[in-house]
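Number of protein chains: 2
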Amino acid sequence: MKKELPIALSNRHIHLSKDHIEKLFGKGYELKKFKDLSQPDQYACEEKVDLVGEKNVIKGVRILGPARNHTQVEVSFADARILGINPPVRDSGDLDGSPGIKIVGPAGEVEIEKGVIAAARHIHLHTDDAERFGLKDKDRVKVRVGGERGLIFENVLARVSPKYALEMHVDIEEGNAAGAKNGQLVEIVD
Amino acid sequence: MKKELPIALSNRHIHLSKDHIEKLFGKGYELKKFKDLSQPDQYACEEKVDLVGEKNVIKGVRILGPARNHTQVEVSFADARILGINPPVRDSGDLDGSPGIKIVGPAGEVEIEKGVIAAARHIHLHTDDAERFGLKDKDRVKVRVGGERGLIFENVLARVSPKYALEMHVDIEEGNAAGAKNGQLVEIVD
Numbered sequence: 001m002k003k004e005l006p007i008a009l010s011n012r013h014i015h016l017s018k019d020h021i022e023k024l025f026g027k028g029y030e031l032k033k034f035k036d037l038s039q040p041d042q043y044a045c046e047e048k049v050d051l052v053g054e055k056n057v058i059k060g061v062r063i064l065g066p067a068r069n070h071t072q073v074e075v076s077f078a079d080a081r082i083l084g085i086n087p088p089v090r091d092s093g094d095l096d097g098s099p100g101i102k103i104v105g106p107a108g109e110v111e112i113e114k115g116v117i118a119a120a121r122h123i124h125l126h127t128d129d130a131e132r133f134g135l136k137d138k139d140r141v142k143v144r145v146g147g148e149r150g151l152i153f154e155n156v157l158a159r160v161s162p163k164y165a166l167e168m169h170v171d172i173e174e175g176n177a178a179g180a181k182n183g184q185l186v187e188i189v190d
Numbered sequence: 001m002k003k004e005l006p007i008a009l010s011n012r013h014i015h016l017s018k019d020h021i022e023k024l025f026g027k028g029y030e031l032k033k034f035k036d037l038s039q040p041d042q043y044a045c046e047e048k049v050d051l052v053g054e055k056n057v058i059k060g061v062r063i064l065g066p067a068r069n070h071t072q073v074e075v076s077f078a079d080a081r082i083l084g085i086n087p088p089v090r091d092s093g094d095l096d097g098s099p100g101i102k103i104v105g106p107a108g109e110v111e112i113e114k115g116v117i118a119a120a121r122h123i124h125l126h127t128d129d130a131e132r133f134g135l136k137d138k139d140r141v142k143v144r145v146g147g148e149r150g151l152i153f154e155n156v157l158a159r160v161s162p163k164y165a166l167e168m169h170v171d172i173e174e175g176n177a178a179g180a181k182n183g184q185l186v187e188i189v190d
């Protein structure tokens with residue numbers, strides 16, 4: 001059986017805590033949904049913020065909702081170079097020791113002490129997909145992307161939950177390196 | 001025997017014809033060497049030019065010397081998106097059907113009709129290296145980069161010449177996707 005799944009390329013984005021949403025957008029502010037993402041209950045927001053690094057500013061960084069317990073900024077290595085920071089490659093939520101940054105919104109700004117990461121490539125699997133593929137949460141797998149820029153991503157984290165939809169997530173540079181388009185089918189090969 | 005070689009990440013750059021050097025910098029102009037590259041007789045120049053795309057301008061694009069028969073612009077997919085063009089993934093020199101662009105220098109500008117490519121990942125091998133590795137010119141090989149962002153690049157073109165030094169060339173996005181640093185050793189695995 002071919003273990004195929006669609007790939008999605010993540011551009012830079014930010015997840016905000018409730019507290020930081022209020023500091024950046026005002027007391028009692030609620031983020032507005034721009035569009036649903038493929039993972040259930042996850043959505044891109046209409047709102048954007050600016051990231052102010054030591055070296056440069058990146059304007060208009062999309063917020064993803066809903067609010068999380070901890071603010072998390074996900075950038076590519078290229079973004080990091082522009083900003084002048086050196087984020088680690090991390091799984092979502094694993095923020096200890098990561099650098100901070102200044103975030104500027106229309107109603108205020110926040111200086112976070114940690115939370116900037118380059119998201120580790122990973123796949124989301126619904127519990128049923130995981131069973132079908134013989135995988136369990138936190139397994140590491142290899143995933144092949146075909147085509148003229150074909151490659152095999154090693155060290156891909158499998159994340160399993162009944163709340164997930166089957167999809168691989170890579171950042172823009174990983175996607176471009178593989179010549180991958182959103183929705184293209186890729187294959188777990190090991 | 002491990003078939004190891006160093007990797008190098010290429011940022012956007014341009015190779016100019018003699019005619020275009022004169023159009024951009026003035027009659028009889030000679031490019032100034034900024035530093036030698038690892039391939040014999042190849043060098044980065046002090047001079048830079050601007051690329052003017054449909055959507056945006058990318059300023060300060062490094063010229064690599066010496067002059068070539070045909071002007072060739074090498075960009076990443078991210079650069080291409082900024083410029084608003086759609087370059088093919090091509091081996092160096094294979095420019096037919098590739099898009100053109102406007103190039104602006106201090107003494108003039110040139111509108112090329114073709115020549116913008118995303119350089120296909122490749123390895124340079126001296127004839128002696130090729131013999132040692134059992135490879136010949138135009139072979140396609142797989143190359144593994146280790147580390148937390150480890151991956152295996154497929155479809156890597158081998159280029160063999162007594163004028164080459166042993167090195168793999170990828171673009172910035174491919175290098176960042178693999179978490180690779182300039183000079184890091186990678187391995188031909190197939």
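Just so you know, the sequences run in chain order A and B.
The first sequence: position 9 = 9 (the UniProt record's numbering), numbered continuously.
The second sequence: position 19 = 19 (the UniProt record's numbering), numbered continuously.
Glycine is no exception: its CB is placed at the ideal position from the N, C-alpha and C atoms.
Quick check: is the beta carbon of F133(A) nearer than 9 Å to any beta carbon in chain B? Numbered from 1 along the first sequence, position 133 holds the residue referred to as residue 133(A). Cβ-Cβ to chain B under 9 Å: no for F133(A).
Measuring CA to CA, which of V189(A), I14(A), A44(A) and A165(A) is closest to V73(A)? As a first step, residue 73(A) must be located in the first sequence, where it is residue number 73. Checking every option, the nearest Cα to that of V73(A) belongs to I14(A).
Hey, which unbroken runs of the beta strand (DSSP E) at 3 residues or more fall wholly within the segment 75 to 140 of chain A? Fully enclosed beta strand (DSSP E) runs of 3 or longer: 101 to 104, 109 to 112, 116 to 119 and 122 to 125.
Tell me whether L16(A) sits in a helix, a strand or coil according to DSSP, three-state version. Start at 1 with the first residue of the first sequence, and residue 16(A) comes out as number 16. Of the three classes helix, strand and coil, the one that applies to L16(A) here is strand, per DSSP.
Would you say E155(A) and K142(A) are within 9 Å of each other, going by their C-beta atoms? For the purposes of this step, residue 155(A) is taken as residue 155 along the first sequence, with counting starting at 1. For the purposes of this step, residue 142(A) is taken as residue 142 along the first sequence, with counting starting at 1. Checking the sequence shown, residue 155(A) turns out to be Asn, not Glu. Yes; because the gap between Cβ atoms is below 9 Å, this pair is in contact.
Output needed in chain order: residues of the segment 32 to 56 of chain B with a Cβ under 8 Å from some Cβ in chain A. From the segment 32 to 56 of chain B, no residue has a Cβ closer than 8 Å to chain A.
Measuring alpha carbon to alpha carbon, tell me which of E173(A), R144(A), S38(A) and D96(A) ends up nearest G179(B). As a first step, residue 179(B) is located in the second sequence; it is residue number 179 there, counting from the start. When each option's Cα is compared against that of G179(B), the closest is E173(A).
Does DSSP put A44(B) in a helix, in a strand, or in coil? Here residue 44(B) refers to the residue found at position 44 when the second sequence is read from its first residue. DSSP places A44(B) in strand when its eight states are reduced to three.
Check whether chain B comes within 9 Å of I112(A), counting only Cβ atoms and requiring the distance to be less than that. Within the first sequence, residue 112(A) is the residue found at index 112, counting from 1. At a cut-off of 9 Å between beta carbons, I112(A) makes no contact with chain B.
Determine whether the Cβ of S98(B) lies closer than 9 Å to any Cβ atom of chain A. In the second sequence, residue 98(B) corresponds to position 98, counting from 1. The beta carbon of S98(B) does not come within 9 Å of any beta carbon belonging to chain A, so the residue lies off that interface.
Three or more C-beta pairs closer than 8 Å, one from the segment 19 to 37 of chain B and one from the segment 7 to 27 of chain A: is that the case here? With a cut-off of 8 Å, the segment 7 to 27 of chain A and the segment 19 to 37 of chain B do not count as touching, because too few Cβ pairs lie within range.
Start and end residues, alpha helix (DSSP H) containing A177(A): Counting from 1 along the first sequence, the entry for residue 177(A) is found at position 177. Boundaries of the alpha helix (DSSP H) around A177(A): I172 to A177.
Just checking: is the beta-carbon of S10(A) within a distance shorter than 9 Å of some beta-carbon in chain B? Residue numbering aside, residue 10(A) sits at position 10 when the first sequence is read from its first letter. No, no contact with chain B.
Since D36(A) is in the beta strand (DSSP E), which residue starts that stretch and which ends it? Translated into the one-based positions of the first sequence, residue 36(A) becomes position 36. The continuous beta strand (DSSP E) containing D36(A) extends over residues K33 to D36.
Close Cβ partners of E133(B) (< 8 Å) along its chain, the five nearest in sequence each way excluded: Here residue 133(B) corresponds to residue number 133 of the second sequence, with the count starting at 1. The sequence given here has Phe at residue 133(B), not Glu. Here the set comprises K3, L125 and I188.
Is the shortest distance between the beta-carbon of G150(B) and the beta-carbons of chain A less than 9 Å? Translated into positions along the second sequence, residue 150(B) becomes position 150. True, the Cβ-Cβ gap to chain A drops below 9 Å.
Pull up the distance between the alpha-carbon of A165(B) and that of P40(B), whole angstroms please. In the second sequence, counting from the first residue as 1, residue 165(B) sits at position 165. In the second sequence, counting from the first residue as 1, residue 40(B) sits at position 40. Computed Cα separation, rounded: 7 Å.
Leaving out five residues on either side along the sequence, give the residues of the same chain with a beta carbon under 7 Å from the beta carbon of G183(B). In the second sequence, residue 183(B) corresponds to position 183, counting from 1. Answer for G183(B): P6, listed in chain order.
Residues of chain B with CB closer than 8 Å to the CB of S76(A), please, in chain order. One-based indexing of the first sequence puts residue 76(A) at position 76. Under the 8 Å cutoff, chain B gives N176.
G147(A): first and last residue of the uninterrupted beta strand (DSSP E) it sits in: Along the first sequence, read from residue 1 onward, the residue named residue 147(A) stands at position 147. No beta strand (DSSP E) holds G147(A); DSSP gives it neither H nor E.
Please report the straight-line C-alpha distance between L185(A) and Y43(A), rounded to a whole angstrom. As a working note, residue 185(A) is residue 185 in the first sequence. As a working note, residue 43(A) is residue 43 in the first sequence. One alpha carbon belongs to L185(A), the other to Y43(A), and they sit about 22 Å apart.
Which of the residues in the segment 136 to 168 of chain B, read from start to end, lie with their CB under 7 Å from any CB of chain A? If the cut-off is 7 Å between Cβ atoms, the segment 136 to 168 of chain B has E148, R149, G150, L151, I152, F153, E154 and N155 near chain A.
So which residues on chain A does I82(B) lean against when the C-beta distance must stay under 8 Å? The residue you call residue 82(B) lines up with position 82 of the second sequence. In chain order: nothing, as chain A lies at least about 11 Å away.
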